[in-house]
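Here's the structure we're looking at; comments come further down.
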Amino acid sequence: MNQFYLSLTYFSFCFSSCFYHPLWKPYFFPDNHTHSKQIVQYSTIFFLIQPRIWNLSASSGVEGEVIVIEGANFSSDINENKVFFADSLPAEIIEASGSRLAIKVPFGAKSGRITIQNQFGMTQSPDRFTVYRYFISFSAGSNTELYSLNMVTGELVSNSLSPFAFASNNAKFTNNGRFAYSGGFGISYISSYSVNSLNGVLSSLSANAGTTTSNPVFFAFHPSNRFLYVSNINGASVSAFQLDENTGILGKIGEFSQPCTCTLNHLAITPDGKFLYVNGNGSPEQIFGYIIDQFTGSLSNISGSPFTTGITNMEALLTEVNSKFIYSVASGSGGVIIGMEINPTTGNLSGIAGSPFTGTFNNFRAVMHPSGKYLYTVNIAGAQLAKHDINPSDGSLSSANSILSFGSNLQFVTLDPTGAYGFVNNTAGNNFYQFKVDGTTGVPSLLNSGNPYSASATPNVPEPFRIAQ
């Protein structure tokens, strides 16, 4: 078989429409010459029998995951096909037919085009395949703890050196996972960290990466990964930075303040990158809205902002995937969720019919599922994780359902970028919990037999992130 493949390749390479005279003067056959017609026929035959890749079942994946390659001219004999990732790393073939190959992404695979080779020739996928590694990281006292997350099985494996004697102050990760940033109470600057792409370990990049006003605690990254926004709890301002996604270096854009005595906390940016919103607690309980300049990252007030809610203790602020609705989770009024519709042109907010929606008692923090179909809340008083379904047409929320009760002081909830696995920190027990999300219904279920993972000290919430290899 290999001899046939080599002879075909050699034949195609040597047999061109130009032959050389013994005196090395090139001679071109006329288009109607017999040899010229034969060359076209042979070239056509050779092209038709070469393997072709039409489609990959996914544009990205993880080591150990099975993906499907669809195309033509594959061999139905597994042993007669070879599949390579970048750097010529071979992949295991699970199933084979003439038009379909099921392969397992090999450990150590790098992002790039996938190559298929058999006795008929060689071809590459038209698009790059991105290989990710997933991790969770969190602060526990003066330590930083790190786990790798197996996206195929959900298994968490602690880094062999974790916990690290390294204070990362619950750092938040960029969209590409290569850098992280943190702030804190009692300071007026933020710190930056670089992330090892192979093992997820953080190292200090700059202790003072950018200046803010006071108490920079909450962060939001623009979907383009070009801008970072930080709310200052005191000073009623949002600090804006340009972000170099290759170096992690920040450049200050400016401070954008509001004439109020309120305290700002959670920020949310619409997935289309057009608008930014931030909760402002303190009478009269408002949500401030900004238009984001797509070129400079500068902010300007939305006409009609701020938008008064009248409900105290607003905490989590979430936008859904289509940039149509925004939700603020408040522990005030016994625990409710404020829902508003976003005007796609102006960014103005208007109440959704039925808002505020009843949550769980003193629901506090929340996370939006990447599908935009559900959001999940946690409450401190009831130690509960709850799901709310989102009506895609009008943004209304269902009542709390699929409620899980565990732990004793649940403070934050997060999801990995795909929405498959979630994490909740239990500050009273110095531990955290992991749950799995049903891909069809969104129903959460606790993993690790419902038992928590211990932390070396009081943990902040595990921050899931992924890095392309």
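Here my numbering runs 248 ahead of the position in the sequence shown, where the first position is 1.
Note that beta-carbon positions come from the ideal geometry of N, C-alpha and C, so glycine has one too.
The beta carbon of G312 sits closer than 6 Å to the beta carbons of V400 from its chain, once the five residues preceding and following it are set aside; these are given in chain order. The count of Cβ pairs closer than 8 Å, one atom from the stretch 622-639 and one from the stretch 361-375, stays below three, leaving the stretches out of contact. Under the DSSP assignment, K358 falls outside any beta strand (DSSP E); it carries neither an H nor an E label.
Under the three-state reduction of DSSP output, D637 falls in the strand class.
For S440, the uninterrupted beta strand (DSSP E) run begins and ends at Y437 to V443, by DSSP.
Residue range M562 to T567 is occupied by the beta strand (DSSP E) that includes M562. Across the structure, N444 and N527 are spaced so that their CA atoms are roughly 34 Å apart. In the structure shown, G582 adopts helical secondary structure according to DSSP, grouped into three states.
Counting along the chain, the unbroken beta strand (DSSP E) around K352 starts and ends at R348 to K352. Inter-segment contact for the stretch 476-489 and the stretch 455-463 is present: three or more beta-carbon pairs are separated by less than 8 Å.
Ranking E711, L597 and S324 by CA distance to the CA of S430 puts E711 first. In this structure, S373 sits near R361, with a CB-CB distance shorter than 7 Å. The Cβ atoms of G448 and F523 lie no closer than 7 Å to each other.
In the three-state DSSP reduction, G677 falls in the helix class (H, G or I). Following the DSSP letters along the chain, one finds P532 in no beta strand (DSSP E), marked with neither H nor E. With a 10 Å radius around the Cβ and a threshold of 16 neighbouring Cβ atoms, D664 comes out buried. Taking the Cα of S551 as reference, the smallest distance to any Cα among N596, Y525 and L566 is reached at N596. T392 and N407 have their C-alpha atoms some 11 Å from each other. For E711, the enclosing beta strand (DSSP E) starts and ends at E711 to A716.
Per DSSP, the continuous beta strand (DSSP E) segment holding R300 begins and ends at R300 to L304. In the DSSP assignment, S693 falls within the beta strand (DSSP E) that extends over P692 to L694.
Here I341 carries a strand assignment [DSSP, helix/strand/coil]. DSSP lists I301 as the bridge partner or partners of G319. Counting C-beta atoms within 10 angstroms of its own C-beta, A705 has fewer than 16 neighbours from the protein chains shown and is therefore classed as exposed.
E328 sits in a helix when the DSSP states are folded into three classes. P519 places its beta carbon 7 Å or farther from that of F536.
Residue pairing of A488 in beta bridges, as defined by DSSP: Y477 and G502. Judged by their CB atoms, L566 and L623 are nearer to each other than the 7 Å cut-off. Inside the stretch 412-468, DSSP marks whole beta strand (DSSP E) runs of 3 or more residues at positions 427-430, 437-443 and 450-459, from first to last along the chain. Your pair V379 and G425 does not check out as a contact, with CB atoms roughly 13 Å apart and the cut at 8 Å. Out of N570, E533 and A388, the CA that lies nearest to the CA of S576 is found in E533. Comparing C-alpha distances from G502 to each of G690, K621, T544 and N423 shows the shortest one belongs to T544. The Cβ-Cβ distance between R474 and L453 does not fall below 7 Å. For P707, the pairing in a beta bridge is given by DSSP as A388.
Taking the CA atoms as reference points, K572 sits about 42 Å from A339. For the pair N674 and N561, the Cα-to-Cα distance works out to about 21 Å.
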